[in-house]
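Per our numbering, residue 43 is the first one in the sequence shown, and the count goes up by one each step.
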Amino acid sequence: MMQTTRYTKRDSEDTSSPALAQMENDYIDEDEDKYSEVSSSLAPDGSLVSTVADRHGFFGGTQYLMESKQLISPNKIKERERKWLNMTADWDKQMVKNIKKVQNRCRKGIPQSIRPRAWLFLTKAHKLLQAHENYYFILCDKPGERKWIEDIRKDLHRQFPYHEMFVDQDGTG
Numbered sequence: 043m044m045q046t047t048r049y050t051k052r053d054s055e056d057t058s059s060p061a062l063a064q065m066e067n068d069y070i071d072e073d074e075d076k077y078s079e080v081s082s083s084l085a086p087d088g089s090l091v092s093t094v095a096d097r098h099g100f101f102g103g104t105q106y107l108m109e110s111k112q113l114i115s116p117n118k119i120k121e122r123e124r125k126w127l128n129m130t131a132d133w134d135k136q137m138v139k140n141i142k143k144v145q146n147r148c149r150k151g152i153p154q155s156i157r158p159r160a161w162l163f164l165t166k167a168h169k170l171l172q173a174h175e176n177y178y179f180i181l182c183d184k185p186g187e188r189k190w191i192e193d194i195r196k197d198l199h200r201q202f203p204y205h206e207m208f209v210d211q212d213g214t215g
């Protein structure tokens, strides 16, 4: 039997637009690294693939993950989360005055819980979301163009053959 990971929704921090709030919602992995058993099966190419999804939803591939040399304490993680939240609250000022600090914090690693928010700011996507506040929702309500839907459908099994959302033809992805 395939084991899946449960996720719970975490309320996003204060945001300036509904689209930004929607995009910033992230998920907390409640079962991360708490699997009671590991199982595997053969992939179509004959390689061994785990039937337990990792924290990102992929089956197999754990042999490519590097072991962490040292664990970061929960207090240090909370401290980094607080710093990132403060930094993103005043992002434009931080990018002008403290670009080296932003770079240094990126190199130390963005806390898992902050990554969706951090990437919105690092890529300047938050500005696009603010400029086109309802565009995301408009696109969600529109039916996709048949040509693009077909291209995406063909690519999913090639690009993500071992992702839990795309393993089954009628999966949630």
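For every residue, glycine included, the Cβ atom is placed at its ideal position computed from N, Cα and C.
Being a predicted model, the structure only gives us computed values, none of them experimental.
Buried or exposed for residue i, please, with buried defined as at least 16 other CB atoms from any protein chain shown within 10 angstroms of its CB.
i                 : result
leucine 162       : buried
phenylalanine 179 : exposed
isoleucine 156    : buried
alanine 95        : buried
methionine 207    : exposed
glutamine 201     : exposed
leucine 171       : buried
threonine 165     : exposed
valine 138        : exposed
If you follow the alpha helix (DSSP H) that residue i is part of, which residue opens it and which one closes it?
i              : result
aspartate 183  : 177 to 183
arginine 159   : 157 to 164
proline 262    : Absent from the model: residue 262. The displayed extent of the chain is 43 to 215, so no value can be given.
alanine 95     : First-last for alanine 95: undefined, no H or E at that position.
aspartate 193  : 188 to 201
histidine 168  : 167 to 173
isoleucine 141 : 141 to 150
I believe residue i touches residue j by the beta-carbon criterion, under 8 Å. Please report the beta-carbon distance rounded to the nearest angstrom.
i              : j             : result
arginine 97    : lysine 125    : With a Cβ gap of about 23 Å, arginine 97 and lysine 125 do not count as contacting.
tyrosine 177   : glycine 102   : About 37 Å separates the two Cβ atoms, so there is no contact after all.
methionine 144 : glutamine 154 : Position check: residue 144 holds valine in this sequence, whereas methionine was assumed. Wrong, their Cβ atoms sit about 18 Å apart, outside the cutoff.
Within the same chain, show all residues whose beta-carbon is closer than 7 Å to that of residue i, passing over the 5 residues directly before and after it, in chain order.
i                 : result
phenylalanine 100 : Tyr204, His205
glutamate 123     : Pro153, Ser155, Ile156
Ordered along the chain, which non-local residues of its own chain (more than five positions away) have a Cβ less than 8 Å from that of residue i?
i              : result
tryptophan 133 : Phe163, His168
Looking at C-beta atoms only, is the number of pairs between the stretch 189 to 206 and the stretch 159 to 175 that lie closer than 8 Å three or more?
no
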